[in-house]
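Only one structure is covered here, and it is reproduced in the block below.
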């Protein structure tokens with residue numbers, strides 16, 4: 225009952241699929257699995273911060289008490305008590321967020337895909353930061369937009385650049401807090417200006433905020449969402465404050481857009497795991513995150529300090545870098561003539577890894593940049609790795 | 225810090241999103257939540273079949289012994305031991321399936337979306353059964369194909385119709401076992417002919433098989449996959465043999481296609497929950513499904529018999545219906561002049577629900593058809609509901 229010598233299929237992929245590529249980061253990660261490699265390349269949160277026992281107890285409780293519901297199909301927009309909890313936590317005195325404005329997704333990456341699917345036509349102008357989050361560039365690319373690169377400086381995205389380039393754009397994608405890849409934060413002054421500019425242009429503003437809670441000092445900065453809930457699409461994630469492997473995030477948006485996203489999600493995967501949503505609700509419903517998040521902040525802040533101190537000690541003076549006030553990343557700018565991709569090859573030969581900066585640019589990449597993550601490497605190995613990197617950079621001066 | 229009187233956004237959706245609609249079934253399900261409604265409308269498996277305690281123990285074990293790995297990001301193609309287990313279970317003496325040919329997905333629905341994304345361009349011809357699975361029509365529609373309806377009879381899809389219409393098509397989508405919505409099975413004789421026809425046309429053949437294990441008698445029929453592993457894309461799911469709420473399925477395909485699907489999945493949601501995959505592997509790795517599936521078969525078979533007996537007793541003679549040999553659905557054909565959508569309105573007024581047949585057709589719907597599910601309703605209520613339906617049909621003769 226098996227065909228003999230069938231003609232093999234000559235796979236013809238769709239035009240959109242032809243331009244899909246594997247993430248450079250995921251490719252590098254494959255190389256850096258070896259334990260002897262000191263990897264600053266990952267975007268993974270530290271497993272030391274995972275509340276494993278809490279999660280175990282929550283899955284146990286949900287399956288013991290509510291197993292049949294947790295294991296059955298559920299609504300596309302998500303588990304209602306969890307949506308209500310999130311709505312409540314995002315509301316402020318002058319901007320109330322409703323549960324109906326929230327749709328649960330299988331990680332923020334899915335949010336990006338669904339937003340691209342419903343908002344982008346071939347050739348649509350979409351504005352992104354320079355540099356921007358690689359996963360967003362990938363997700364949006366599938367829908368064949370024209371990327372419009374918006375300028376940034378050390379205070380984040382420059383609103384005047386949005387005003388100059390944004391006419392007729394279909395969206396602006398921004399990561400205002402401890403941005404991936406640069407670690408930069410959009411200043412409070414610019415937040416209002418940015419929201420106002422987008423509202424004037426009538427361009428939806430996507431506020432992607434996976435790292436916002438991981439501020440090393442003080443309280444998280446005000447959200448763009450609360451400045452204009454009718455014009456901002458907010459994306460939240462449990463990956464950095466709880467655990468990433470369960471794939472759980474959410475989109476907050478005006479109701480007409482949420483309805484359309486719900487239809488798109490129904491066609492894309494019906495709904496996100498009922499069990500996962502119920503277990504996460506069980507973990508967070510009594511305020512666990514407000515005890516837990518400070519422990520992550522202080523851990524990451526300490527790791528960041530170690531890396532910054534090592535860079536100061538070992539990197540040549542003509543190298544510059546960001547000093548993040550939260551999150552997981554430092555962005556390094558080398559002298560113009562040093563190509564970070566060539567530097568990576570040399571570094572890998574000495575068992576040190578990082579991510580070259582070029583893939584984070586929608587166009588005109590600055591090839592002398594690179595991203596370092598400090599959260600999963602021990603202080604000793606941070607020192608060792610940065611020292612090696614410093615020597616390799618020095619050799620290229 | 226809140227904008228005063230911002231201009232509301234006039235949402236502009238993409239062309240593909242404009243044609244998205246909510247599933248008729250999900251809309252009907254909202255109406256049928258009331259406990260007094262006897263609903264034959266759902267496509268939900270019976271929660272009576274969920275191995276809740278097994279699942280609880282598995283999540284507990286994985287989180288106790290391997291929590292940090294289970295809660296961390298994982299590979300896009302899925303958890304390796306689970307992929308190896310599936311490859312092994314699908315291999316036959318003359319067709320070996322490799323773990324590298326398998327990608328885990330967040331439920332089969334995601335498999336349909338990803339296949340549409342990488343295989344369909346606007347205007348591509350894609351062949352579907354008549355009628356076909358609604359969720360597949362929805363998932364593919366997003367990518368704006370031209371549907372080509374292939375004829376069926378009581379032995380399933382007609383290969384000659386594929387031969388006549390399939391030149392240049394980008395894919396054929398088929399559900400050979402206990403099809404949703406008709407409950408029909410593709411005969412063994414036709415399987416080989418179908419695979420051969422597609423191979424000759426060099427058209428990829430998608431074999432969607434969520435119900436294949438739920439055969440009431442004997443063993444599952446031979447898979448199209450094993451007849452031509454180089455030309456068949458197989459989709460499997462844990463929704464009907466374990467539980468659906470965890471959202472776990474898989475695609476089996478030749479490696480060049482799997483690589484492209486992996487890139488698409490990376491952009492779509494990075495990967496499927498590591499924890500869920502590890503827990504399901506824990507549940508099934510020692511052969512649990514071979515004890516568990518027979519209990520589902522015998523339960524569904526009994527439910528099906530009850531409904532068939534009630535239909536014979538209460539439906540007028542001019543009504544015909546399928547006699548499924550497995551799965552969850554019976555397909556009813558009324559006299560031509562009776563519109564099943566109008567019948568539904570009358571039935572809902574008497575607290576009985578079903579799904580009208582029209583939405584299952586890619587084009588030229590037969591409005592005198594309807595789908596009944598028998599798996600979640602008790603025998604008493606099956607009798608009561610079918611009696612009421614019979615009376616309503618009789619009144620329209």
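Chains as they are written, first to last, in the numbering used here: chain A, 225 to 621; chain B, 225 to 621.
Glycine included, every Cβ here is placed at the ideal spot set by N, Cα and C.
Within the stretch 546 to 619 of chain B, the runs of beta strand (DSSP E) that reach at least 3 residues and sit entirely inside it are, in chain order, 553 to 557 and 593 to 597. With contacts defined as CB atoms closer than 8 Å, residue 428 (chain A) and residue 457 (chain A) qualify as a contacting pair. The count of Cβ pairs closer than 8 Å, one atom from the stretch 370 to 386 of chain A and one from the stretch 482 to 500 of chain A, stays below three, leaving the stretches out of contact.
Secondary-structure assignment with DSSP links residue 439 (chain B) through a beta bridge to B:550.
Under the 8 Å criterion on CB atoms, residue 292 (chain A) is classed as interfacial with respect to chain B.
Taking 8 Å as the threshold, the shortest C-beta distance from residue 403 (chain B) to chain A does not fall below it. Under the DSSP assignment, residue 510 (chain A) falls outside any alpha helix (DSSP H); it carries neither an H nor an E label. The beta-carbon of residue 611 (chain B) is placed no less than 8 Å from the nearest beta-carbon of chain A.
Neighbourhood of residue 320 (chain A) in chain B, by CB distance below 8 Å: empty, with the nearest CB roughly 11 Å away. With three or more CB-CB distances shorter than 8 Å, the stretch 264 to 277 of chain B counts as touching the stretch 516 to 531 of chain B. In the DSSP secondary-structure assignment, residue 404 (chain A) is not bridged to any residue. Taking a 10 Å sphere around the C-beta of residue 341 (chain A), we find 16 or more other C-beta atoms and assign the residue as buried. Rounded to the nearest whole angstrom, the CA to CA distance from residue 554 (chain B) to residue 445 (chain A) is 57 Å.
With contacts defined by Cβ atoms closer than 8 Å, residue 381 (chain B) and residue 410 (chain B) form a contacting pair. CA-to-CA, the gap between residue 605 (chain A) and residue 537 (chain A) works out to about 15 Å. With contacts defined by Cβ atoms closer than 8 Å, residue 376 (chain A) and residue 413 (chain A) do not form a contacting pair. Runs of the beta strand (DSSP E) lying entirely within the stretch 470 to 497 of chain A, each at least 3 residues long, are 473 to 476 in chain order. Shown here for residue 434 (chain A): same chain residues with a beta carbon closer than 7 Å to its own, the five before and five after excluded, namely 332, 461, 463 and 464 in chain order. Contact between the stretch 291 to 301 of chain B and the stretch 276 to 283 of chain A is present: 3 or more CB-CB pairs across the two stretches fall below 8 Å. For residue 297 (chain A), there is no enclosing alpha helix (DSSP H), as DSSP marks it with neither H nor E. In this structure, the beta-carbon distance from residue 579 (chain B) to residue 363 (chain B) does not fall below 8 Å. From the listed residues A:593, A:518, A:286 and A:615, the smallest Cα separation to residue 546 (chain A) is found for A:593. The alpha helix (DSSP H) runs of length 4 or more contained entirely in the stretch 269 to 329 of chain B are, from start to end of the chain, 276 to 294 and 304 to 314. Contact annotation: residue 575 (chain B) and residue 261 (chain B) have beta-carbon atoms nearer than 8 Å.
8 Å or more divides the Cβ of residue 468 (chain A) from the Cβ of residue 440 (chain B). Cβ atoms of residue 543 (chain B) and residue 603 (chain B) stay farther apart than 8 Å, at about 21 Å.
Membership of residue 332 (chain B) in the alpha helix (DSSP H) is indicated by the continuous run 332 to 343.
Burial state of residue 245 (chain B) is exposed, judged by a 10 Å Cβ sphere holding fewer than 16 other Cβ atoms. Along the stretch 230 to 247 of chain B, going in chain order, the ones with a CB nearer than 8 Å to a CB of chain A are 230, 231, 232, 233, 234, 235, 236, 237, 238, 239, 240, 241, 244, 245, 246 and 247. Counted as a single uninterrupted DSSP element, the alpha helix (DSSP H) harbouring residue 416 (chain B) occupies residues 412 to 425.
One Cα belongs to residue 562 (chain A), the other to residue 614 (chain A), and the distance between them is close to 13 Å.
Judged by pairs of C-beta atoms under 8 Å, the stretch 499 to 507 of chain A touches the stretch 299 to 307 of chain A, as three or more such pairs exist. Residues of the stretch 494 to 505 of chain B with a Cβ closer than 8 Å to any Cβ of chain A, in chain order: 494, 495, 496, 497, 498, 499 and 500. Between the C-alpha atoms of residue 405 (chain B) and residue 390 (chain B) there is a straight-line separation of about 23 Å.
In the three-state scheme derived from DSSP, where H, G and I count as helix and E and B as strand, residue 522 (chain A) is classed as helix.
With a cutoff of 8 Å on beta-carbon distance, residue 327 (chain B) and residue 359 (chain B) are scored as not near each other.
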